[in-house]
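Residue numbers (mature numbering (1 follows the signal peptide of the UniProt record, and there is no 0)): -25 to -1, 1 to 305.
Here the structure is laid out as structure tokens; the discussion comes afterwards.
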Ligand code: AHR
């Protein structure tokens, strides 16, 4: 806020001079920036919602890191609706925040509002999810995971796990929010990887919107329509956990009768993996707060930042989950 506040301070000082007719007041202002060390940065952050354990951990990480970095955070929860995110971004522009960051609920439809931010001179950072804008000057950087890779790692594990299968392996897929980058990319990466074995077939694929309730409801439908499901690939832990309830209610054993592969590695997911209800998880780290605040400071200071910053991630088997669980932060 330094530039705007300094400008406001100068205007106020000038008005004082005019009102009092005193030139001496001007001569006294020898302290330079009368903002007096006021380097407060205001960050407007539009969050997707609170749809999953991952999202809750991501929100906590962002709030804690902002407080730690002494960045003033204006936080908005869009409840998984793009129109709410667009409204929040417009509010941030009106409030003249220094930097806007957001995790776009879906990939497309952002150009107009991003152009408005650019015209207002407010830099934008994408966190967690990408947009499909052709104009890359509409945002400064994208900090987040490689979702295609997460899907590919999940598929590669399954190819290895089913290597000895002689007949067809029937897979059902619980997709994330329709049109979101993680749903599009994880689907793509997984499909690419399983194409290595023609026995592996996705027999049903539908969105569970990244929620536990959605995962349960769609899995119930899958189970009714398909008596021979061998594998579930869920685009996140929460949908996998909802599906576990549906599978158990249908009299089957999750992790044994139906192999379950998910993405995220939040605590509940890791617990399910350690308990043998899940079989494999590709990690997606929600702890983006500290890196985001670093970027906010750099961009506010006019420094160049890389166009893409990828989060470091790993994968977990059941044994690895047992080892990692005690120290899991989220
Ligand atoms: O964009 C990240 C994804 O969004 C996480 O995998 C999922 O759990 C969340 O809702």
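We put the beta carbon where it would ideally sit given N, CA and C, even for glycine.
Roughly how many angstroms separate the alpha carbons of residue 10 and residue 185, rounded to a whole number?
Against the chain shown, residue 10 aligns to sequence position 35. Against the chain shown, residue 185 aligns to sequence position 210. Note that residue 10 scores 35 on pLDDT, short of 50, meaning its location in the model is unreliable and no value can be drawn from it.
Excluding the 5 residues flanking residue 31 on each side, which residues of the same chain have their C-beta closer than 7 Å to its C-beta?
Within the chain shown, the letter at position 56 stands for residue 31. So the list reads 25, once near-sequence residues are dropped.
Residue 27 CB to nearest heavy atom of the ligand MG below 6 Å
Looking at this structure, you won't find the ligand MG anywhere; what it does contain is the ligand AHR.
Taking 8 Å as the limit between beta carbons, can you name the residues of its chain near residue 162, skipping five residues before and five after?
Counting from 1 along the chain shown, the entry for residue 162 is found at position 187. Correct list, in chain order: 126, 148, 150, 180 and 210.
Any heavy atom of the ligand AHR inside 6 Å of the beta-carbon of residue 59?
Position 84 of the chain shown holds residue 59. Checking every heavy atom of the ligand AHR against the Cβ of residue 59, none is found closer than 6 Å.
Measuring alpha carbon to alpha carbon, tell me which of 78, 77 and 69 ends up nearest residue 94.
By 1-based counting over the chain shown, the position of residue 94 is 119. Selected option, being the one with the closest Cα: 69.
Own chain residues within Cβ distance below 6 Å of residue 204, not counting five before or after:
Taking the chain shown and counting its residues from 1, one reaches residue 204 at position 229. Counting only Cβ-Cβ distances below 6 Å, and skipping sequence neighbours, we find 145, 147 and 233.
By how many angstroms is the C-alpha of residue 128 removed from the C-alpha of residue 165?
Counting from 1 along the chain shown, the entry for residue 165 is found at position 190. Counting from 1 along the chain shown, the entry for residue 128 is found at position 153. Rounded to whole angstroms, residue 165 to residue 128 spans 7 Å at the Cα level.
Which partner residues does residue 285 have in the DSSP bridge list?
In the chain shown, the residue the question calls residue 285 occupies position 310. Per DSSP, 119.
Here's the rule I'm using: 16 or more other beta-carbon atoms within 10 Å means buried, otherwise exposed. How should residue 301 be labelled?
By 1-based counting over the chain shown, the position of residue 301 is 326. So residue 301 ends up on the exposed side.
Which residues DSSP lists as bridging residue 209, in chain order:
Your numbering for residue 209 matches position 234 in the chain shown. Paired residue(s): 149.
Rounded C-alpha distance that separates residue 217 from residue 195
Sequence index remark: in the chain shown, residue 217 carries index 242 (1-based). Sequence index remark: in the chain shown, residue 195 carries index 220 (1-based). Computed Cα separation, rounded: 10 Å.
On the DSSP letters alone, give me the boundaries of the alpha helix (DSSP H) that residue 87 sits inside.
As a working mapping, residue 87 is identified with position 112 in the chain shown. Per DSSP, the continuous alpha helix (DSSP H) segment holding residue 87 begins and ends at 86 to 94.
Does the beta-carbon of residue 157, which I'm using as the reference point, lie nearer than 6 Å to any heavy atom of the ligand AHR?
Translated into positions along the chain shown, residue 157 becomes position 182. For residue 157, the shortest C-beta to heavy atom distance toward the ligand AHR is below 6 Å.
Could you check if residue 115 is buried or exposed, using at least 16 other CB atoms within 10 Å of its CB as the buried criterion?
Position 140 of the chain shown, counted from the start, is the residue given in the question as residue 115. A buried status is given to residue 115, since no fewer than 16 other beta-carbon atoms sit within 10 Å of its beta-carbon.
Less than 7 Å between CB atoms is the rule here; does residue 220 satisfy it with respect to chain D?
This model lacks chain D altogether; it includes just one protein chain.
Assess, as a yes-or-no matter, whether the stretch 228 to 244 is touched by the stretch 86 to 106 under the definition of 3 or more beta carbon pairs within less than 8 Å.
no
If you draw a straight line from the alpha carbon of residue 92 to that of residue 110, how long is it in whole angstroms?
What you label residue 92 is simply residue 117 of the chain shown in a count that begins at 1. What you label residue 110 is simply residue 135 of the chain shown in a count that begins at 1. As the crow flies, the alpha-carbon of residue 92 is around 14 Å from that of residue 110.
Quick one: is the Cβ of residue 187 within less than 6 Å of any heavy atom of the ligand AHR?
Here residue 187 corresponds to residue number 212 of the chain shown, with the count starting at 1. No, since every heavy atom of the ligand AHR falls outside the 6 Å radius drawn around the Cβ of residue 187.
Three-state secondary structure assigned by DSSP to residue -5:
Along the chain shown, read from residue 1 onward, the residue named residue -5 stands at position 21. Low local confidence applies: a pLDDT of 31 at residue -5 is under 50, so the model's placement there is unreliable, and no value is given.
For residue 82 and residue 159, which I take to be in contact (beta-carbon distance under 8 Å), what is that distance rounded to the nearest angstrom?
For the purposes of this step, residue 82 is identified with residue 107 of the chain shown, where counting begins at 1. For the purposes of this step, residue 159 is identified with residue 184 of the chain shown, where counting begins at 1. Residue 82 to residue 159, Cβ: 7 Å. Contact.
CA nearest to the CA of residue 53, picked from 47, 46, 64 and 45
The sequence position of residue 53 within the chain shown is 78, counting from 1. The shortest Cα separation from residue 53 among 47, 46, 64 and 45 belongs to 64.
CA-CA distance, residue -18 and residue 20?
Position 8 of the chain shown, counted from the first residue, corresponds to residue -18. Position 45 of the chain shown, counted from the first residue, corresponds to residue 20. Confidence at residue -18 is low in this model, with a pLDDT of 36, below 50, so the placement of that residue should be treated as unreliable; the coordinate-derived value is given next. One C-alpha to the other measures close to 25 Å.
CA-CA distance, residue 262 and residue 244?
Position 287 of the chain shown, counted from the first residue, corresponds to residue 262. Position 269 of the chain shown, counted from the first residue, corresponds to residue 244. The straight-line gap from Cα to Cα measures roughly 16 Å.
Would you decide whether residue 40 is buried or exposed? Buried here means 16 or more other CB atoms lie within 10 Å of its CB.
Walking along the chain shown from the start, residue 40 turns up at place 65. Buried, since its Cβ has 16 or more Cβ neighbours within 10 Å.
What do you reckon, is the C-beta of residue 145 under 6 Å from a heavy atom of the ligand AHR?
Taking the first residue of the chain shown as 1, we reach residue 145 at position 170. No.
Using a Cβ-Cβ cut-off of 6 Å (strictly less than) and excluding sequence neighbours within five positions of residue 219, which residues of its own chain qualify?
As a first step, residue 219 is located in the chain shown; it is residue number 244 there, counting from the start. Only 229 and 252 meet the Cβ criterion.
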